[in-house]
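Taking it in order: structure first as structure tokens, then the write-up.
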Amino acid sequence: MKQQTPLIALAIATVGSIGGTRLSAIAVPWLVLSTTNSPVLTGVAGLAEMLPYVLAKALSGPFIDRLGARRIAIWCDCLSAIAVSVIPLLYWSGILSFWLLLPAVAFLGVLRAPSDAAKHALVPVVAEAGSLSLERVTGILGTSDRLAGTLGAAGAGILIALLGSGPALLANAAAFVISALALTIGMGTTAAAHPKTEPTSQNYRAQMSEGWAAFSRDPILVALVVMLAFTGLFDQAYATVLLPVWVRSSGLDASWVGILLAVFSGAAIAGAAAGAFFAERLPRLLMYVVGFTFAGPVPMATLAFGPPLWLIVSILLVCGFAAGFLNPIIGALLFERIPKPVVGRVIALVGSLTWVLIPFGGIYAGLLTDTTGILAALGITAAFYGVAALSPAAIPRFRAIGQRPIAQPAS
Numbered sequence: 005m006k007q008q009t010p011l012i013a014l015a016i017a018t019v020g021s022i023g024g025t026r027l028s029a030i031a032v033p034w035l036v037l038s039t040t041n042s043p044v045l046t047g048v049a050g051l052a053e054m055l056p057y058v059l060a061k062a063l064s065g066p067f068i069d070r071l072g073a074r075r076i077a078i079w080c081d082c083l084s085a086i087a088v089s090v091i092p093l094l095y096w097s098g099i100l101s102f103w104l105l106l107p108a109v110a111f112l113g114v115l116r117a118p119s120d121a122a123k124h125a126l127v128p129v130v131a132e133a134g135s136l137s138l139e140r141v142t143g144i145l146g147t148s149d150r151l152a153g154t155l156g157a158a159g160a161g162i163l164i165a166l167l168g169s170g171p172a173l174l175a176n177a178a179a180f181v182i183s184a185l186a187l188t189i190g191m192g193t194t195a196a197a198h199p200k201t202e203p204t205s206q207n208y209r210a211q212m213s214e215g216w217a218a219f220s221r222d223p224i225l226v227a228l229v230v231m232l233a234f235t236g237l238f239d240q241a242y243a244t245v246l247l248p249v250w251v252r253s254s255g256l257d258a259s260w261v262g263i264l265l266a267v268f269s270g271a272a273i274a275g276a277a278a279g280a281f282f283a284e285r286l287p288r289l290l291m292y293v294v295g296f297t298f299a300g301p302v303p304m305a306t307l308a309f310g311p312p313l314w315l316i317v318s319i320l321l322v323c324g325f326a327a328g329f330l331n332p333i334i335g336a337l338l339f340e341r342i343p344k345p346v347v348g349r350v351i352a353l354v355g356s357l358t359w360v361l362i363p364f365g366g367i368y369a370g371l372l373t374d375t376t377g378i379l380a381a382l383g384i385t386a387a388f389y390g391v392a393a394l395s396p397a398a399i400p401r402f403r404a405i406g407q408r409p410i411a412q413p414a415s
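First residue of the sequence shown: 5, per the numbering used here; consecutive thereafter.
So this is what it looks like as structure tokens:
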């Protein structure tokens, strides 16, 4: 059981950190939408957090490898708790304007980026400590991620509907504190020393260059990042603008944003749990394509066609379960192909590049919704997402996804 303590600690930290991030991802856009009634400004608020997030994540890799992933994650979670608490305090004091909110969420994005990258970089350490396969560990952490998304989305919807966005953001701060405590208590020194694989005399630029070289010479990693960048754009458009605007235009209250996201994420928990145990025995490429098809195009097209609410919920349950298999597959692919000495840099770089279009998701959705209306915007985005989801079946380099390494840690 002691061997599994780092995995348990990282899973708890993931629930706290991702749950808090998901909560703020709903609370902040709803705060902007309810006070400005503007889908475009709602998208601008998303851009203000996501663009610094992407830049900070790209630059954080050498610090993770040099200072240690555990240390970086704890520091950034603690600072995030302080930063996110400032927003409701400014709101209650009556001085929070839209233009004051933007730098606050930008600073939060700068802190969340290295924290998320550092937690991801701990995966191979945890797998080695527990003698588990990468797919097993990424599946378990994927389940934690989905659980966090469910709790964060449901909690955000309920708190916003009952108390407003301010209390929801204070709950967000508490979640970040829980994440920091879990890593402090549960991971001990197991992961603290691992990332220090490079001489401290090596300069920052050389470390960044080495990470880029390790990434760019692997065609599978490059293809994976390009696809995830586009699907991330559409996911962000859906979560921050399209879904909230659809909920509002359908005459539903804010709790339904959280409910619908929670239904999807709740089903994805079951899918990720199943993936943790069965993904290593399933055809990777097929599950990859099916998972992405159900992750985005099907939910968006469903809302665009406007069936009864009970049918929407039922379809989201199926979609969430299928999408849950993606995390074990993607996580295993990454850590199988990244050399251990540069894992922090490459993971941070991959995380940044896959998020590079996300800051523009809200702007894209806001402009599209203003121009075409919400139903057309959902349909158009579903079509674009569908092209991205099916592209691996037509691109030869993606076929190597199905090839697993001969030797893996025993499970």
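Note that CB positions come from ideal geometry on N, CA and C, so glycine has one too. Computed from a prediction, not measured in an experiment: that's the story for all the values here.
Going by Cα to Cα distance, which pick from the options is closest to residue i?
i	options	result
SER42	THR373, SER254 and ARG285	THR373
GLY270	ILE319, VAL251, ALA305 and ASP257	ILE319
LEU265	ALA369, ARG26, PRO10 and ILE164	ARG26
SER183	PRO363, GLY365, THR376 and GLY23	GLY23
ALA133	ILE162, ALA218 and ALA13	ALA13
ILE273	ALA73, PRO303 and GLY153	GLY153
PHE67	LEU104, ILE16 and LEU353	LEU353
PHE309	PHE325, ALA326, ALA386 and SER220	ALA386
THR244	GLY20, THR18, MET54 and GLN8	MET54
VAL109	THR142, VAL141, ALA49 and ILE144	ALA49
ALA172	MET291, ARG70, VAL32 and ALA217	VAL32
ILE86	ILE164, GLY156, GLY113 and GLY370	GLY113
PRO128	TRP96, VAL346, PRO363 and ALA217	VAL346
ALA60	GLY47, SER21, TYR242 and ALA122	ALA122
VAL58	PRO311, ALA327 and LEU237	LEU237
ARG252	GLY377, TYR389, SER97 and PHE388	GLY377
ALA326	ALA73, MET291, ARG349 and ALA160	MET291
ALA186	ILE30, GLY20, PRO363 and TYR389	GLY20
What does the Cβ neighbour count give for residue i, buried or exposed, with the cut at 16 atoms within 10 Å?
i	result
LEU167	exposed
ASP257	exposed
ALA398	exposed
ALA197	Low confidence applies here, because ALA197 scores a pLDDT of 41, under 50, leaving its location unreliable; read the following figure in that light. Exposed, because fewer than 16 other Cβ atoms sit within 10 Å of the Cβ of ALA197.
ARG116	buried
GLY192	exposed
TRP250	buried
GLY279	buried
TYR208	exposed
VAL427	Since the first residue of the chain shown is 5 and the last is 415, residue 427 is not available in this structure.
THR375	exposed
ALA137	According to the sequence shown, residue 137 is Ser rather than Ala. Counting Cβ neighbours within 10 Å, SER137 comes out buried, since at least 16 surround it.
TRP314	exposed
TRP260	buried
LEU104	exposed
GLY143	buried
ILE189	exposed
PRO311	exposed
GLY156	buried
ALA217	exposed
SER28	buried
For residue i, which residues in the same chain have their Cβ closer than 7 angstroms to its Cβ, ignoring the five residues on either side in sequence?
i	result
PRO400	none
ALA233	LEU357, THR358, VAL360 and LEU361
HIS124	ILE351 and GLY355
ASP222	ARG341
SER89	LEU174 and ALA177
VAL229	VAL354, LEU357 and THR358
PHE402	ALA227, LEU289 and PRO396
Got a sec? Which residues, its chain only, sit under 6 angstroms from residue i by beta carbon, not counting five neighbours each side?
i	result
LEU3	Because the chain is modelled from 5 through 415, residue 3 falls outside the range shown and cannot be assessed.
LEU307	TRP250 and LEU382
ALA277	THR147
PRO10	VAL130, ALA133, MET191 and THR194
GLU139	ALA283, GLU284, PRO332 and ALA336
LEU106	ALA52
TYR368	ALA241
ALA160	LEU27, ILE30, ALA31, ALA172 and GLY262
Note down, in chain order, each residue of its chain lying with its Cβ closer than 8 angstroms to the Cβ of residue i, except the 5 sequence neighbours on either side.
i	result
ALA393	THR235, VAL293, PHE296, THR297, ALA299, GLY300 and PRO301
VAL267	VAL317, LEU320, LEU321 and GLY324
THR18	LYS123, LEU145, SER148, ASP149, ALA152 and SER183
Shorter than 8 angstroms from the beta carbon of residue i to some beta carbon of chain B?
i	result
LEU45	Although the question refers to chain B, the structure presented lacks it and comprises just one protein chain.
Quick one: any contact between the stretch 174-185 and the stretch 276-292, if contact means 3 or more CB pairs under 8 angstroms? In short, these stretches do not touch, since the Cβ pair count stays below three.
Mind listing, in chain order, the continuous beta strand (DSSP E) runs of no fewer than 3 residues lying wholly within the stretch 354-410? You should have found no qualifying run.
Decide yes or no for the touch test of the stretch 340-348 against the stretch 145-154: beta carbon pairs closer than 8 angstroms, at least 3 of them. With the rule of 3 Cβ pairs closer than 8 angstroms, the stretch 340-348 does not count as touching the stretch 145-154.
Restricting to runs no shorter than 4 residues, where is the alpha helix (DSSP H) found entirely within the stretch 69-132? Counting only runs that start and end inside the stretch 69-132, the alpha helix (DSSP H) elements of at least 4 residues fall at 73-96 and 102-125.
Between the stretch 380-393 and the stretch 212-225, can you find at least three pairs of beta-carbon atoms closer than 8 angstroms? Output reads no: the stretch 380-393 does not touch the stretch 212-225.
If we require 4 or more residues per run, which alpha helix (DSSP H) segments fall completely within the stretch 294-322? Taken in chain order, the complete alpha helix (DSSP H) segments of 4 or more residues contained in the stretch 294-322 are 301-309.
Does the contact criterion of 3 or more C-beta pairs under 8 angstroms hold for the stretch 32-41 versus the stretch 75-83? No, the stretch 32-41 does not touch the stretch 75-83.
List, from N- to C-terminal side, the alpha helix (DSSP H) runs of 4 residues or more that fit wholly inside the stretch 220-304. Here the runs fully enclosed are 223-241, 247-253, 259-282 and 288-299.
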